[in-house]
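Numbering (UniProt numbering), first residue to last: 1 to 128.
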């Protein structure tokens with residue numbers, strides 16, 4: 001059975017953006033937005049119930065964030081459906097990364113996790 005023949009599978013992709021207008025480098029405050037797309041590539045409908053983020057700044061300090069839903073929603077995705085949302089975070093450094101998992105519940109009651117692949121948070125031109 002390949003990954004995509006599995007009944008429970010959510011594909012997650014992420015894109016990040018630096019928000020210069022909300023940031024204050026002199027105060028070590030760097031704000032980033034990120035756009036997440038979830039796509040149900042499994043064969044069973046599933047609903048996102050909670051999230052677990054692991055956020056690492058450029059100093060190696062780690063912050064974990066857990067919460068219900070995303071942007072106040074608990075999207076339910078039928079097979080083949082997608083859901084996209086944008087959120088943000090602030091770091092004390094111009095570089096960092098995020099990764100984590102979404103906790104899902106399938107229509108048949110099965111609980112599973114959707115992995116959020118690690119993505120970078122970077123101020124443009126900070127790495128040469």
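From the three backbone atoms N, C-alpha and C, an ideal C-beta is built for every residue, glycine too. For clarity, every value in this text was computed on a predicted model and none was experimentally measured.
Residue span of the beta strand (DSSP E) that contains residue i, given as start and end
{"i": "residue 38", "result": "30 to 40"}
{"i": "residue 101", "result": "95 to 106"}
{"i": "residue 110", "result": "That residue, residue 110, is in no beta strand (DSSP E); it is neither H nor E in DSSP."}
{"i": "residue 49", "result": "46 to 57"}
Collapsed DSSP secondary structure at residue i in the structure displayed
{"i": "residue 120", "result": "strand"}
{"i": "residue 64", "result": "strand"}
{"i": "residue 21", "result": "helix"}
{"i": "residue 11", "result": "strand"}
{"i": "residue 81", "result": "coil"}
Residues that residue i bridges to, as DSSP identifies them
{"i": "residue 88", "result": "33"}
{"i": "residue 73", "result": "70"}
{"i": "residue 16", "result": "34"}
Beta-carbon spacing of residue i, residue j below 8 Å
{"i": "residue 8", "j": "residue 106", "result": "yes"}
{"i": "residue 114", "j": "residue 98", "result": "no"}
{"i": "residue 45", "j": "residue 79", "result": "yes"}
{"i": "residue 124", "j": "residue 30", "result": "no"}
{"i": "residue 53", "j": "residue 88", "result": "no"}
{"i": "residue 72", "j": "residue 50", "result": "no"}
{"i": "residue 18", "j": "residue 122", "result": "yes"}
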